[in-house]
Amino acid sequence: MPLSLRSEAALADRLPHRAGVGLKLDHVSEILADKADMGFFEVHPENYMGAGGPPHHYLTAIRERYPLSLHGVGLSIGAAGPLDKAHLKRLRELLDRYQPQSFSEHLAWSTHDTGFLNDLLPLPYTQETLSLVAAHVSEVQERLGRAMLIENPSTYVAFSSSDMDEVDFLAELAARTGCGLLLDVNNVYVSATNHGYSPEAYLDRFPLHLVGEVHLAGHAVDADEAGAPLLIDTHDRAVTDAVWTLYERVIARAGPLPTLVEWDSELPDWPVLAAEAKRAETILNARREPCHGRRVAS
Amino acid sequence: MAAASLPELQARFAAALIDPDLPPPAGLASATGRARPDEKRFAVYRNNVVVSLSRALRDAYPALRSILGDAFFADMAGVYVRRHPPRRPMLIDYGAELPQFLENFEPARPHPYLPDVARLERARLEAYHAADAPFLAPADIAALAPESLAGLSLRPHPAARLLASRFPIVTVWMMNSGLAEPAPVDFSSAETALVTRPGLNVELRRLRPGGHAFLSALFAGKSLGAAAARAAAEPNFDLAANLADALGAGAFLPLEKIASTLRPS
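Protein chains in written order, with the numbering used here: chain A, 4 to 301; chain B, -8 to 256.
Have a look at this one:
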């Protein structure tokens, strides 16, 4: 008997509707020394699956001071094979230890019989895939005892067998499992550009009431053999203006949402990353209703 | 042709990611419907797999990369990641087979010390992630009655690792980690090492004569007296100096921790 979860429950113990950043140990001393004003931090739980040492020491210090999101990259929820029970157990232990406000994963697969491929690989959007992913999400939520968020991927190829739209797929997944959604605006821009559809139309259809967190990141610009644009989700530079504009469109429609800036390689100095979060926070604040002058229903 | 089932599709996709001689799997679609549009798009995934796993190796073996240079290291990593992809969906302990791999990696044969340098870096990584625990301080030993020392058994701290090499691995590692000035190295001089992490920082020490035999015996559960007797067979073994070094490095669990683990529950 699966847990009775609704997508709203996925958002219940949620992150503050502020900006945060991905935590890097290179920055942590400065963050703690400066008492940085940050809405929350996010980490990949896979980097904290050792027994002890500096990763746990610093994450404990961060958790004592800030809300936390665990954002998994190893669960391989879209893999045709069974979920990795040992990995779920490690996740459960981390969730128990750190009590994060949010746990999320990706609509992707990353493992096969041959081993862990360490990339978020694309899925055909079909009823077969939907049934599989929904069963996996339900199993994860049951084993972890909590609802999770699922993130829209950035993709470089699509599948001729796909017969569902990605937004419909995610909405149906949430309806079947009670999971919430993590909306990565950079991924929307990357995928839309790579596959030639409108990111605005995608976002305007996205079920924003199910979104528990928004991601922003930088991407690299390349071209395929035919010269068509090929954007690559690199997380190694600042968020682009086009993605900021799409983000403003999301926040204008949804109101303030927990928003994370991801920067995972070619790490900048802390003030550069903090400034990216500040830019998101400014957009969130512009949309915040003043705490005085409560609106009167007409 | 019917579309492949998801297990079939993922099997072909995964195989083509690892083997660059295989074509991208059938069934990839392109927005523009061009012929063979997907080689470069599929190559993004191929590249992500190899580059991200190679980066994990590079982070785990920094001195090795410094010795080999970026190009050689990248070539070696490219071979390694295809032959030894991670078995678990996490990278903090990726690369355990690299020392053994280097033993048999033809281009590395002219440098037979490389596998032992890799073992040293592996020991440092294990120490970094090892369980946190207090350690036995020199004063704790000094407080004991001298006649009780010979029969005393000590237990290794969870982060403590011993290494022995027929090459000067500590010297080579330090020169390639910015901790010692580059200088001519006598590759015929053997070195042994102790890796510990008494607090947040991993520490590395070159052991004195007999130190490896002495600490190996202690870590295996021999009493202080028995371990000293074994090490005394080696020339120039200095019991007091070796014990002081190991205690200073935080190599052992505290006595009360040992007593509590030995106490019947």
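All C-beta atoms in this analysis are idealised placements derived from N, C-alpha and C, irrespective of residue type, glycine included.
None of the values given here were measured: they were computed from a predicted structure.
Coil, strand or helix - residue 40(A) by DSSP: For the purposes of this step, residue 40(A) is taken as residue 37 along the first sequence, with counting starting at 1. The DSSP-derived three-state label of residue 40(A) is coil.
Are the beta-carbon atoms belonging to residue 215(B) and residue 141(B) less than 8 Å from one another? Here the question's residue 215(B) lines up with position 224 in the second sequence. Here the question's residue 141(B) lines up with position 150 in the second sequence. In this structure, residue 141(B) lies closer than 8 Å to residue 215(B) by Cβ.
Going by the beta-carbon positions, is the gap between residue 159(A) and residue 36(B) smaller than 8 Å? For this step, residue 159(A) is matched to residue 156 along the first sequence. For this step, residue 36(B) is matched to residue 45 along the second sequence. Contact check for residue 159(A) against residue 36(B) passes: the beta carbons are separated by less than 8 Å.
Quick check on this structure: which residue in 18(B), 6(B), 11(B) and 89(B) has the alpha carbon closest to the alpha carbon of residue 45(B)? The residue given as residue 45(B) occupies position 54 in the second sequence. With distances taken between CA atoms, residue 45(B) lies nearest to 89(B) out of 18(B), 6(B), 11(B) and 89(B).
Could you tell me whether the Cβ atoms of residue 113(B) and residue 195(B) are closer together than 8 Å? For the purposes of this step, residue 113(B) is taken as residue 122 along the second sequence, with counting starting at 1. For the purposes of this step, residue 195(B) is taken as residue 204 along the second sequence, with counting starting at 1. When the beta-carbon positions are compared, residue 113(B) and residue 195(B) stay at least 8 Å from each other.
With a threshold of 7 Å on Cβ separation, who are the neighbours of residue 73(B) within its own chain once the five nearest residues in sequence on each side are excluded? By 1-based counting over the second sequence, the position of residue 73(B) is 82. If we look at residue 73(B) and ignore the five residues flanking it on each side, its Cβ neighbours are 9.
Can you say whether residue 19(A) is buried or exposed, counting buried as having 16 or more other CB atoms within 10 angstroms of its CB? Reading the first sequence from its first residue, position 16 is the one you call residue 19(A). The Cβ neighbour count for residue 19(A), taken over all protein chains shown within 10 Å, is under 16; the residue is labelled exposed.
So that I know if they touch, is there some Cβ in chain A lying closer than 8 Å to that of residue 0(B)? For this step, residue 0(B) is matched to residue 9 along the second sequence. True, the Cβ-Cβ gap to chain A drops below 8 Å.
Here's the rule I'm using: 16 or more other beta-carbon atoms within 10 Å means buried, otherwise exposed. How should residue 248(A) be labelled? Sequence index remark: in the first sequence, residue 248(A) carries index 245 (1-based). Exposed is the call here.
Determine, for residue 296(A), whether the minimum Cβ-Cβ distance to residues of chain B falls below 8 Å. Start at 1 with the first residue of the first sequence, and residue 296(A) comes out as number 293. The predicted position of residue 296(A) is uncertain, since its pLDDT is 42 and thus under 50; a value taken from the coordinates is nonetheless stated next. Not a single C-beta of chain B is nearer than 8 Å to the C-beta of residue 296(A).
Which chain A residues sit within Cβ distance under 8 Å of residue 67(B)? The residue you call residue 67(B) lines up with position 76 of the second sequence. Within chain A, no residue comes near residue 67(B); the closest Cβ sits about 18 Å away, beyond 8 Å.
Whole-number beta carbon distance between residue 80(A) and residue 139(A), since they are thought to touch under 8 Å: Here residue 139(A) corresponds to residue number 136 of the first sequence, with the count starting at 1. Here residue 80(A) corresponds to residue number 77 of the first sequence, with the count starting at 1. That belief holds up - the Cβ atoms of residue 139(A) and residue 80(A) are roughly 5 Å apart, short of 8 Å.
Looking at the unbroken alpha helix (DSSP H) that takes in residue 251(A), where does it start and where does it end? Against the first sequence, residue 251(A) aligns to sequence position 248. Note, residue 251(A): alpha helix (DSSP H), 244 to 257.
Using the rule of at least 16 other Cβ atoms within 10 Å of the residue's Cβ for burial, across every protein chain shown, is residue 11(B) buried or exposed? As a first step, residue 11(B) must be located in the second sequence, where it is residue number 20. Exposed, by the Cβ-count rule.
Distance between residue 136(B) and residue 77(A) (C-alpha atoms, nearest Å): For the purposes of this step, residue 77(A) is identified with residue 74 of the first sequence, where counting begins at 1. For the purposes of this step, residue 136(B) is identified with residue 145 of the second sequence, where counting begins at 1. Between residue 77(A) and residue 136(B), the C-alpha separation is close to 53 Å.
For residue 217(A) versus residue 188(A), is the C-beta spacing smaller than 8 Å? Position 214 of the first sequence, counted from the first residue, corresponds to residue 217(A). Position 185 of the first sequence, counted from the first residue, corresponds to residue 188(A). Contact check for residue 217(A) against residue 188(A) passes: the beta carbons are separated by less than 8 Å.
Reduced DSSP secondary structure (H/G/I, E/B, other) of residue 107(A): Mapped onto the first sequence, residue 107(A) falls at position 104. The answer is strand: DSSP assigns residue 107(A) an E or B state.
Taking 8 Å as the CB-CB limit, is residue 119(B) close to chain A? Position 128 of the second sequence, counted from the start, is the residue given in the question as residue 119(B). At least one chain A Cβ lies under 8 Å of residue 119(B).
Please go through the same chain and pick out, in chain order, the residues whose beta-carbon is closer than 6 Å to the beta-carbon of residue 147(B), but skip the five residues on each side of it. Along the second sequence, read from residue 1 onward, the residue named residue 147(B) stands at position 156. The answer, listed in chain order, is 210.
If residue 270(A) sits next to residue 242(A), beta carbons under 8 Å apart, how far is it from one beta carbon to the other, in whole angstroms? By 1-based counting over the first sequence, the position of residue 270(A) is 267. By 1-based counting over the first sequence, the position of residue 242(A) is 239. Actually they are not in contact, since the Cβ atoms of residue 270(A) and residue 242(A) sit about 15 Å apart, beyond 8 Å.
Would residue 171(A) be called buried (16 or more neighbouring beta carbons within 10 Å of its own) or exposed? In the first sequence, residue 171(A) corresponds to position 168, counting from 1. That one is exposed.
At the level of alpha carbons, what is the spacing between residue 82(A) and residue 115(A)? Within the first sequence, numbered from 1, the residue matching residue 82(A) stands at position 79. Within the first sequence, numbered from 1, the residue matching residue 115(A) stands at position 112. Their backbone Cα atoms lie some 7 Å apart in a straight line.
Quick one: which chain B residues come within Cβ less than 8 Å of residue 127(A)? Numbered from 1 along the first sequence, position 124 holds the residue referred to as residue 127(A). -6, -3, 0 and 18, listed in chain order.
Secondary structure of residue 274(A), DSSP reduced to three states: Taking the first sequence and counting its residues from 1, the one referred to as residue 274(A) is at position 271. The answer is helix: DSSP assigns residue 274(A) an H, G or I state.
Determine, using beta carbons only, whether residue 194(B) comes closer than 8 Å to chain A. The residue you call residue 194(B) lines up with position 203 of the second sequence. For residue 194(B), not one C-beta of chain A is nearer than 8 Å to its own C-beta.
With DSSP collapsed to three states, give me the class of residue 218(A). By 1-based counting over the first sequence, the position of residue 218(A) is 215. Residue state, collapsed to three classes: strand.
Look up residue 183(A) in the DSSP assignment and say whether it is helix, strand or coil. As a first step, residue 183(A) must be located in the first sequence, where it is residue number 180. Three-state result, residue 183(A): strand.
Pick out whichever of 65(A), 46(A) and 43(A) has its Cα sitting closest to the Cα of residue 32(A). Locating residue 32(A) in the first sequence gives position 29, counting from the first residue. Cα-wise, what sits closest to residue 32(A) is 65(A).
Under 8 Å Cβ to Cβ from residue 55(A), same chain only, skipping five residues before and after it: list those, please. One-based indexing of the first sequence puts residue 55(A) at position 52. No residues qualify anywhere along the chain.
Beta-carbon spacing of residue 106(A), residue 149(A) below 8 Å: On the first sequence, position 103 is the one that residue 106(A) refers to. On the first sequence, position 146 is the one that residue 149(A) refers to. A contact, by the Cβ cut-off of 8 Å.
Does the separation of the CB atoms of residue 238(B) and residue 129(B) fall below 8 Å? Looking up residue 238(B) in the second sequence gives position 247. Looking up residue 129(B) in the second sequence gives position 138. It is a contact, given that the beta carbons lie within the stated cut-off.
Could you tell me whether the Cβ of residue 76(B) comes closer than 8 Å to any Cβ of chain A? Looking up residue 76(B) in the second sequence gives position 85. Among the CB atoms of chain A, one or more fall inside 8 Å of the CB of residue 76(B).
Chain-ordered chain A contacts of residue 92(B) [CB-CB under 7 Å]: Along the second sequence, one-based indexing puts residue 92(B) at 101. Within chain A, no residue comes near residue 92(B); the closest Cβ sits about 15 Å away, beyond 7 Å.
Counting only the same chain and skipping the five closest in sequence on each side, list residues whose C-beta sits under 7 Å from that of residue 61(A). Counting from one through the first sequence, the residue named residue 61(A) turns up at place 58. Hits under 7 Å: 28 and 31.
Checking contacts by CB at 8 Å: is residue 266(A) closer than that to chain B? To locate residue 266(A), count along the first sequence from 1; it is residue 263. Not closer than 8 Å to any Cβ of chain B, the Cβ of residue 266(A) fails to qualify, so no.
Near residue 267(A), which residues of its chain fall below 6 Å by C-beta distance, leaving aside the five closest residues on each side in sequence? Stepping through the first sequence from its first residue, residue 267(A) is reached at position 264. The residues are 238.
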